[in-house]
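Structure record follows, encoded as structure tokens.
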Amino acid sequence: MLHIYNTLSRREEPFETIEPGVVRMYVCGPTVYASSHIGHALSYIVFDVVRRYLEYKGFNVRHVQNFTDVDDKIINRSRELGIPWDELSARYSDEFLRDMDALNVKRAHEYPRASAVIEDIVADIARLIEMGNAYPLDGDVYFRVLSDPDYGKLSHRRLDEMNAGARVEVDERKEHPMDFALWKGAKPGEPAWDSPWGPGRPGWHIECTSMSTRSLGPQLDIHGGGNDLIFPHHENEIAQSEQLTGKAPFARYWMHNGWLLLNNEKMAKSEGNVLSIDNVVEKYGADAYRIFVLSSHYRRPLNFSEEAVVSAATVAERLATAVEGAEVGADTTAYAEDRAEFEAAMDDDFNTSRALAVLYRLATESNRLRSSEQDESGAASLLRELGSVLGLRLERWEVSAVGVEPFVDLLVQIRKELRGAKQFALADRVRDGLRELGVSVEDSPQGTKWRFER
RNA sequence: GGCGACGUGGCCAAGUGGUUAAGGCAGAGGUUUGCAAAACCUUGAUCAGCGGUUCGAAUCCGCUCGUCGCCUCCA
Numbered sequence: 001m002l003h004i005y006n007t008l009s010r011r012e013e014p015f016e017t018i019e020p021g022v023v024r025m026y027v028c029g030p031t032v033y034a035s036s037h038i039g040h041a042l043s044y045i046v047f048d049v050v051r052r053y054l055e056y057k058g059f060n061v062r063h064v065q066n067f068t069d070v071d072d073k074i075i076n077r078s079r080e081l082g083i084p085w086d087e088l089s090a091r092y093s094d095e096f097l098r099d100m101d102a103l104n105v106k107r108a109h110e111y112p113r114a115s116a117v118i119e120d121i122v123a124d125i126a127r128l129i130e131m132g133n134a135y136p137l138d139g140d141v142y143f144r145v146l147s148d149p150d151y152g153k154l155s156h157r158r159l160d161e162m163n164a165g166a167r168v169e170v171d172e173r174k175e176h177p178m179d180f181a182l183w184k185g186a187k188p189g190e191p192a193w194d195s196p197w198g199p200g201r202p203g204w205h206i207e208c209t210s211m212s213t214r215s216l217g218p219q220l221d222i223h224g225g226g227n228d229l230i231f232p233h234h235e236n237e238i239a240q241s242e243q244l245t246g247k248a249p250f251a252r253y254w255m256h257n258g259w260l261l262l263n264n265e266k267m268a269k270s271e272g273n274v275l276s277i278d279n280v281v282e283k284y285g286a287d288a289y290r291i292f293v294l295s296s297h298y299r300r301p302l303n304f305s306e307e308a309v310v311s312a313a314t315v316a317e318r319l320a321t322a323v324e325g326a327e328v329g330a331d332t333t334a335y336a337e338d339r340a341e342f343e344a345a346m347d348d349d350f351n352t353s354r355a356l357a358v359l360y361r362l363a364t365e366s367n368r369l370r371s372s373e374q375d376e377s378g379a380a381s382l383l384r385e386l387g388s389v390l391g392l393r394l395e396r397w398e399v400s401a402v403g404v405e406p407f408v409d410l411l412v413q414i415r416k417e418l419r420g421a422k423q424f425a426l427a428d429r430v431r432d433g434l435r436e437l438g439v440s441v442e443d444s445p446q447g448t449k450w451r452f453e454r
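First residue of the first sequence: 1, per the working numbering; consecutive thereafter.
In structure tokens, the structure reads:
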């Protein structure tokens, strides 16, 4: 049985859904004001694997992920660039989807946008005011944290222990320093929507409440996001949602991934130490980055290093080699133990590191059988199947070098004739020359194969 | 100040009370190869330090040292 670590209880809990067989999963999406980086990629790969594994287990997963497309950072950036905010957010949300496709992250079933649900948000805020959980203030609206007796239960902090204003100056007009904005009154020139409290835009946290309840109902099975979202974002979502719907828990399992570090420091735009997704995918390949991410447990912080990703790229090649040319969809019953071990690892709060060890063993097995001229298709098929649960494509890397293939084929054919004539010096010159051009040539009893090298 | 994560062989990383501490990368040796490449086989650690609990600890407790994160920008 699947067990998931729940941030709320700080324990692993057996996974039981609200509705049998159905998983309602909401993952916090990006604020689309700039390119996403490989830290974001880590998070979405983690939740992609969660989804894929749940689907493998037979659950009908309903996966919703929002785009935050109205907020201060977007407004600021659009001013800097002189581009309308909606154009800017559309540009980066499109780019985000392309990046996710490149990483083989399955698309969510729905991508609600904050700007498209303003009416719902206004209605929810009005209701919170009506119930006494929120109060208007000079065109803004704030959530009254003291109205939620459980406030702090996710992050396990108490209001009186928190160091309000540690990073941001406290607005003295608020009733309580931790009260947070549901609605922000617009300053001149800012994007604004009409509301009972004057023109403005939604605060950050309320959009997730409005969107998740509209898309998935008042209660979720899984709510996920990065570690840093625990406080305040998810804490505030819980407070709003549970007060609003009167139903608790808002989400049964709160999952949070650890942070990606670069040079042992948090990867963040403000630190200036970010690597772009397309850059890494192009250089190492999507499988390599996924293997790098999945080789450690998702809740642990992970340090990005050239060496670790290169190592993952080597592994990706090895796995791809092991399934290359093998019959697809062969009988895997002989490998039931390997499958069971993979499932046991994944059932243990998605222990992908252990799960990968099963794939490595299958790769070795497949290669060994093949080289001893036995049928490797069972091992290879299971490797493909379990690999796809981890979102691995297991394809050799190909350059879209349009039109050069016939020339390479010709050179390889000529080299074959030279070898046949024992003209090894010349044959090696061809091979070395091709390698310098990025083409590796491999001889085997079955013939000669060549491929582009990264 | 409050809350939390972590320190396992050169590198990455499982394992959280009990036979020989998974696995991968790199390195070394070997098989194969005209030579290579790919593949396969073999090969290394007593778990940051100190003290304690226990018949028994990497695994529990305490302290020390070190690293990282959160406390209204953030996946």
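Positions of the beta carbon are idealized from the N, C-alpha and C atoms, including for glycine.
For residue j and residue i, the rounded distance between their alpha carbons
| i | j | result |
| --- | --- | --- |
| ASP409 | PHE59 | 47 Å |
| ARG370 | ALA380 | 10 Å |
| PRO301 | VAL441 | 39 Å |
| LEU394 | ARG361 | 15 Å |
| VAL61 | ILE18 | 12 Å |
| ASN76 | ALA34 | 11 Å |
| ALA363 | VAL323 | 8 Å |
| GLY21 | ASP124 | 30 Å |
| ALA326 | MET162 | 58 Å |
| ILE291 | ASN351 | 13 Å |
| ASN227 | ASN257 | 5 Å |
| GLY82 | SER36 | 21 Å |
| LYS416 | LEU434 | 14 Å |
| ARG144 | PHE180 | 8 Å |
| GLY438 | VAL404 | 12 Å |
| TYR335 | LEU382 | 8 Å |
| GLU436 | VAL412 | 14 Å |
| ILE414 | ALA357 | 41 Å |
| GLN219 | TRP85 | 32 Å |
| LEU97 | TYR298 | 22 Å |
| SER147 | ASN133 | 6 Å |
| GLY387 | ALA345 | 14 Å |
| ASP160 | MET178 | 10 Å |
| HIS3 | SER296 | 18 Å |
Option in the options with minimal Cα separation from residue i
| i | options | result |
| --- | --- | --- |
| HIS234 | VAL141, GLY217, SER212 | SER212 |
| PRO196 | GLU161, GLY438, ILE121 | ILE121 |
| GLU317 | TYR284, PRO188, ASP348, ASP349 | TYR284 |
| THR321 | GLN219, ARG451, VAL117 | ARG451 |
| LEU262 | LEU2, PRO232, PHE231, SER305 | SER305 |
| PHE47 | LYS449, LYS422, ARG429, LEU390 | LEU390 |
| THR68 | VAL49, GLY39, LEU137, PRO30 | PRO30 |
| ALA330 | ALA308, GLU405, GLY378 | GLY378 |
| TYR5 | THR245, ASP140, GLU87, TRP254 | TRP254 |
| ALA251 | GLU13, TYR26, ARG415, ASP101 | TYR26 |
| HIS109 | LEU359, PRO177, VAL23, VAL328 | VAL23 |
| VAL32 | ASN133, ASP94, THR333 | ASP94 |
| ASP221 | SER115, SER43, TYR142, VAL50 | VAL50 |
| ASP138 | ARG173, SER295, SER372 | ARG173 |
| LYS153 | ILE230, ALA126, PRO136, ALA186 | ILE230 |
| HIS40 | ALA421, TYR289, VAL70 | TYR289 |
| VAL141 | LEU294, ILE206, LYS247 | ILE206 |
| ALA114 | ASP171, ALA90, GLY189 | ALA90 |
| TRP183 | GLY420, SER210, ASP160 | SER210 |
| GLU175 | ALA102, GLY189, TYR135 | TYR135 |
| SER215 | TYR111, ASN264, THR448 | TYR111 |
| VAL281 | PRO14, GLU13, ILE38, GLU12 | ILE38 |
| CYS208 | ALA116, LEU42, ASP101 | ALA116 |
Burial state of residue i, where buried means 16 or more other Cβ atoms lie within 10 Å
| i | result |
| --- | --- |
| GLN65 | buried |
| SER444 | exposed |
| THR7 | buried |
| ASN104 | buried |
| ILE74 | buried |
| ASN236 | buried |
| ASN279 | exposed |
| ILE45 | buried |
| GLN243 | buried |
| PHE424 | exposed |
| ASP349 | buried |
| GLU337 | exposed |
Any non-hydrogen atom of the ligand MG closer than 7 Å to residue i Cβ
| i | result |
| --- | --- |
| MET131 | Although the ligand MG was asked about, the structure shown includes no ligands whatsoever. |
Where residue i sits in the DSSP three-state scheme
| i | result |
| --- | --- |
| SER311 | helix |
| ARG415 | helix |
| ILE121 | helix |
| MET178 | coil |
| GLU12 | strand |
Minimum length 3: unbroken beta strand (DSSP E) runs contained in the stretch 23 to 72: With a minimum length of 3 residues, the continuous beta strand (DSSP E) runs that stay inside the stretch 23 to 72 are 60 to 65.
Along the chain, which unbroken stretches of the alpha helix (DSSP H) at least 4 residues long are found entirely within the stretch 285 to 361? 286 to 294, 306 to 323, 336 to 347
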